[in-house]
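Undergrad:
Protein chains in written order, with the numbering used here: chain A, 22 to 356; chain B, 22 to 356.
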C-alpha cells in the first residue's frame with residue numbers, strides 16, 4: 022500500500038515526523054510512503070531522503086493552523102497539506118492519508134474532496150477507550166459532528182458496529198446509547214427518539230453511562246460529537262491528574278524512609294509493566310479514521326510524536342489490509 | 022437551623038442514614054434534624070430515637086425509586102419522601118432538605134413545590150472537581166437540564182459565579198464555556214451564540230476543555246446538563262478504572278519480591294495520606310444544592326453512606342449560615 026503523511030501541520034516540527042516515516046520504512050517493506058509538506062525544507066533537513074526508494078515527497082505550500090476555522094481555511098488555502106494529501110487519495114495515488122493537524126480541516130477537506138458514502142449524512146470520529154479487563158470500548162462521535170440528530174446517531178451506530186467488527190474481530194459487538202441513566206425514558210426528546218430508533222438493532226443493549234465504557238458491558242457507545250469530545254478530553258485529563266498527584270506525593274518530603282523508597286520505584290514499576298502501559302494507552306491510540314467518507318483518512322493527536330506516527334502507520338496498514346472502506350460500505354448497505 | 026433528611030430513597034438501608042443523623046446530632050448542637058421516612062419502621066429500628074431532643078420524624082408513605090420517571094412519580098406519589106420534605110421546606114418548618122434519591126424527582130418536586138427564582142428558566146446542578154494544585158473547579162449543569170439553550174447557559178454562569186464566591190470565598194472567580202477547543206469560533210451554532218452572550222461577563226475567559234478543569238485555569242465551567250452529566254460520570258469511572266488497574270497489578274503474580282512489597286503497601290500509603298484523599302474526594306463530595314429554586318434543597322449520590330450524609334449535613338449547614346439563597350438571588354438581580 023501507499024500511505025500519505027502530512028508532516029507539517031502537527032504541533033511537533035516536521036523533522037520528527039519525517040524521521041518517523043524513515044524509521045517506519047526500514048521495517049515495513051510492504052508500505053510505500055508519500056510525505057506531504059514543504060519539499061525544499063524537507064530535502065534540506067534530510068539530504069539522503071532521495072536514496073530511500075519507498076519514500077516520496079509531494080510538495081504543499083501551506084498548512085492549516087490549529088486555531089483556524091476549518092471551512093474557511095480549507096477553501097482559502099487550496100494548496101495546504103490536507104488538501105494536497107486528500108486529493109492524492111482521490112486520484113488513487115495513495116491508499117490512505119494521515120494528518121496530525123487541525124481535525125476540523127481534515128474532516129472538511131475529506132467531505133469536500135472525497136465525499137460521504139452514499140446515504141451517510143455526517144462523518145464521525147471514533148476512539149477506543151481501555152477496559153479494566155480485556156478488550157476496548159469504541160466511542161463515537163468524538164468531535165466530527167457536534168450536533169447529532171437521530172439519523173446521525175443511527176448511522177454512527179451502524180458504522181461503529183462495522184468498524185468494531187473489523188478492528189476487534191468480534192462478530193456481534195453490542196451497541197449502547199450514552200445517556201443520563203440506564204432507563205429507557207431518560208434524557209432529552211432527541212435521546213428518547215434515538216433510543217426507539219436504535220432498538221431496531223439486535224445488537225442494541227439500551228442506554229449506557231460512564232462506568233459501562235470501562236467495565237466491558239458494551240462495545241460501541243454512540244453519542245453526539247460535542248459530548249463525545251468532552252468525555253474523551255475529561256478522561257485524558259483525569260488520567261493525567263491521577264498520575265500527577267501520585268507524582269506529587271512521590272516528591273513530597275516525607276519522614277518515612279520506606280515511603281520514599283516506595284515512590285521512588287513506583288513510577289518505574291508502573292511504566293515498566295507492559296500490560297499496564299497497554300491498558301493506559303489503548304491500542305491504536307493517537308489515530309482514528311474519519312468514518313463515513315469515501316476513503317481512508319486518519320486523524321492523529323496534534324502532539325503526534327515519532328512513535329505515535331509509527332503506530333498510526335501500522336494501524337492504517339492494518340485497516341487497509343482488512344479492506345476497511347468496503348467493510349464500512351457493506352455495513353451501511355445491510356442496515 | 023433545621024435540616025430535613027430523606028432517609029428512605031437512597032440505595033443504602035434507612036438504618037445507615039438514620040445512624041448518620043444520630044452521629045451528626047451528637048457533635049452539631051446548633052442543628053436540629055427532621056428525619057423523613059416511614060416513622061413506624063424507623064422507631065422500630067431505633068427505639069431510643071425519641072430521647073434525642075434535636076431529632077424529629079415526619080412520616081412519608083412512599084419513595085420514588087431510582088428507575089421511575091420523575092414527573093410521573095412525583096405527581097402520583099403525593100406522599101413520597103421528597104414531596105413531604107420539600108413541602109416542609111416550603112412551609113418554613115425546615116431550613117434545608119437533603120435527599121440521596123432519584124435526582125430527577127427531587128428536581129421536579131422542588132420546581133413544583135418551591136418554584137424557580139424570579140427570571141430563572143431552568144434549575145441547575147453543580148459539582149466541584151478536584152485540582153492538581155489548590156482549590157476546586159465547579160461544573161454546571163451536571164444533569165438537571167439536559168438541553169440547555171443560550172439563556173440557560175447564561176443563567177448557569179451567573180448562578181455558578183455566585184455559588185463559587187460563596188463556597189470558595191473568592192471575590193472574582195472566572196467562568197468558561199465547555200467547548201471542543203479554545204478558539205472562539207468552535208462548536209455548534211448554540212455554543213457560538215453562548216460564547217457571544219457570556220462575553221458580556223468580565224469574568225468570562227472563553228472556551229475551555231477537559232484539562233482546564235483540573236489545572237485551575239478556570240473556576241466555573243458552564244455546559245449543558247447532558248454533557249455535564251456524561252463528564253462527571255466518565256471522570257468518576259476513569260478514577261475507578263485507574264484504582265482498579267493498580268489493584269490488579271498489585272495482586273498480579275510476580276517473580277519480584279520487591280514489587281510485591283511495593284504494591285502491598287501502595288494502597289495503604291495512598292489512602293493514609295490525608296492530602297491525597299482530599300484531592301481524590303473533593304470538598305463537599307456527595308451533595309449539591311439545586312441552583313435556581315427558591316429554597317435550599319440538596320441532592321446526594323444514591324450510594325450515600327453514613328459519612329457522606331454527615332458531610333452533606335455539614336455542607337448544608339455551611340450554606341445556610343452563609344445565607345445561600347439570598348446570595349444566589351442577589352447575584353441574579355445584579356446580572
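Ideal Cβ positions, reconstructed from N, Cα and C, are used throughout, including at glycine.
Classify residue 230 (chain B): buried if its beta carbon has 16 or more other beta carbons within 10 angstroms, exposed otherwise.
TA: With 16 or more Cβ atoms within 10 Å of its Cβ, residue 230 (chain B) is classed as buried.
Undergrad: Can you pull the chain A neighbours of residue 250 (chain B), defined as C-beta to C-beta under 8 Å?
TA: Within 8 Å Cβ-Cβ: 201.
Undergrad: So, under 8 Å CB-CB, residue 58 (chain A) and residue 27 (chain A) are touching, yes? Tell me the CB distance rounded to an integer number of Å.
TA: Between residue 27 (chain A) and residue 58 (chain A) the Cβ distance is about 7 Å, and since that is below 8 Å, they are a contact.
Undergrad: What are the start and end residues of the beta strand (DSSP E) that includes residue 161 (chain A)?
TA: First-last of the beta strand (DSSP E) with residue 161 (chain A): 157–161.
Undergrad: Just the chain B side, please: which residues come within less than 7 Å of residue 258 (chain A) by C-beta, in chain order?
TA: Under the 7 Å cutoff, chain B gives 231, 232, 234 and 235.
Undergrad: Determine the chain B residues that contact residue 32 (chain A) at a beta-carbon separation under 8 Å, and present them in chain order.
TA: None at all; the shortest Cβ gap to chain B is about 13 Å.
Undergrad: Between which two residues does the alpha helix (DSSP H) carrying residue 342 (chain B) extend?
TA: Where residue 342 (chain B) is concerned, the enclosing alpha helix (DSSP H) stretches over 327–342.
Undergrad: For chain B, find out if any of its Cβ atoms is closer than 8 Å to the Cβ of residue 344 (chain A); answer yes or no.
TA: Closer than 8 Å: no.
Undergrad: With a Cβ-Cβ cutoff of 8 Å, do residue 249 (chain B) and residue 162 (chain B) count as a contact?
TA: Contact flag set, yes.
Undergrad: Give a yes or no on whether the C-beta atoms belonging to residue 102 (chain A) and residue 320 (chain A) are separated by under 8 Å.
TA: No. Outside cutoff.
Undergrad: Taking 7 Å as the limit between beta carbons, can you name the residues of its chain near residue 207 (chain A), skipping five residues before and five after?
TA: The residues are 200, 201 and 228.
Undergrad: Suppose you measure from the CA of residue 100 (chain B) to the CA of residue 216 (chain A); what does that come to, to the nearest Å?
TA: When rounded, the distance between both Cα atoms is 32 Å.
Undergrad: Could you tell me the distance, in whole angstroms, from the CA atom of residue 179 (chain A) to the CA atom of residue 186 (chain A)?
TA: Each residue's alpha carbon lies about 11 Å from the other.
Undergrad: Thinking C-alpha only, which one of A:205, A:204 and A:181 is nearest residue 194 (chain A)?
TA: Checking every option, the nearest Cα to that of residue 194 (chain A) belongs to A:181.
Undergrad: Quick check on DSSP: helix, strand or coil for residue 58 (chain B)?
TA: Here residue 58 (chain B) sits in strand by DSSP.
Undergrad: With a threshold of 6 Å on Cβ separation, who are the neighbours of residue 356 (chain B) within its own chain once the five nearest residues in sequence on each side are excluded?
TA: So the list reads 179, once near-sequence residues are dropped.
Undergrad: Determine, using beta carbons only, whether residue 75 (chain B) comes closer than 8 Å to chain A.
TA: It does not; no Cβ of chain A falls within 8 Å.
Undergrad: Name, in chain order, the residues that DSSP records as bridge partners for residue 228 (chain A).
TA: DSSP, once it has assigned bridges, lists A:198 as partnering residue 228 (chain A).
Undergrad: Using a cut-off of 7 Å between C-beta atoms, extract the partners of residue 265 (chain B) located in chain A.
TA: Near residue 265 (chain B) (Cβ distances below 7 Å), the residues of chain A are 153.
Undergrad: Strictly below 7 Å CB to CB, what residues from chain B border residue 247 (chain A)?
TA: Simply 201, 208, 209 and 248.
Undergrad: By DSSP, does residue 180 (chain A) sit in helix, in strand, or in coil?
TA: The answer is helix: DSSP assigns residue 180 (chain A) an H, G or I state.
Undergrad: Please say whether residue 107 (chain A) and residue 131 (chain A) have beta carbons closer to each other than 8 Å?
TA: A contact, by the Cβ cut-off of 8 Å.
Undergrad: Could you list which residues in chain A have their beta carbon closer than 7 Å to that of residue 204 (chain B), in chain order?
TA: Simply 88.
Undergrad: Give the interface partners of residue 167 (chain B) over in chain A, defined as CB-CB distance under 8 Å, in chain order.
TA: Under the 8 Å cutoff, chain A gives 201, 208, 209 and 212.
Undergrad: Label residue 347 (chain B) either buried or exposed according to how many other C-beta atoms from any shown protein chain fall within 10 Å of its C-beta, with 16 as the threshold for buried.
TA: With fewer than 16 other Cβ atoms within 10 Å, it is exposed.
Undergrad: Would the segment 326–341 of chain B count as touching the segment 150–166 of chain B if we require 3 or more Cβ pairs under 8 Å?
TA: No: fewer than three Cβ pairs fall under 8 Å.
Undergrad: Below 7 Å between beta carbons is the criterion; list the residues of the segment 127–157 of chain B that meet it against any residue of chain A, in chain order.
TA: Answer set for the segment 127–157 of chain B: 153.
Undergrad: Tell me which residues of the segment 180–195 of chain A have at least one Cβ-Cβ distance to chain D shorter than 8 Å, keeping chain order.
TA: Absent from the structure is chain D; the protein chains it does hold are A and B.
Undergrad: Which of helix, strand or coil does DSSP assign to residue 303 (chain B)?
TA: The predicted position of residue 303 (chain B) is uncertain, since its pLDDT is 47 and thus under 50; no value can be drawn from it.
Undergrad: Is it true that the CB of residue 236 (chain A) sits closer than 8 Å to the CB of residue 153 (chain A)?
TA: Yes.
Undergrad: For residue 159 (chain A), which residues from the same chain have a beta carbon less than 6 Å from its beta carbon, with the 5 sequence-adjacent residues on both sides left out?
TA: If we look at residue 159 (chain A) and ignore the five residues flanking it on each side, its Cβ neighbours are 147, 149, 181, 185 and 241.
Undergrad: Measuring only between beta-carbons, confirm whether residue 262 (chain B) sits less than 8 Å from chain A.
TA: For residue 262 (chain B), the answer is yes, since a Cβ of chain A falls inside 8 Å of its Cβ.
Undergrad: Between the segment 315–334 of chain B and chain A, which residues of the former have a C-beta closer than 9 Å to a C-beta of the latter?
TA: From the segment 315–334 of chain B, no residue has a Cβ closer than 9 Å to chain A.
Undergrad: Throw me the rounded Cβ distance for the residue 24 (chain A) and residue 54 (chain A) pair, which I believe falls under 8 Å.
TA: Right, their Cβ atoms sit about 6 Å apart.
Undergrad: CA-CA distance, residue 197 (chain A) and residue 245 (chain B)?
TA: Rounded to whole angstroms, residue 197 (chain A) to residue 245 (chain B) spans 21 Å at the Cα level.
Undergrad: What is the rounded straight-line gap between the Cα of residue 351 (chain A) and the Cα of residue 311 (chain A)?
TA: Taking the straight line from one Cα to the other gives about 16 Å.
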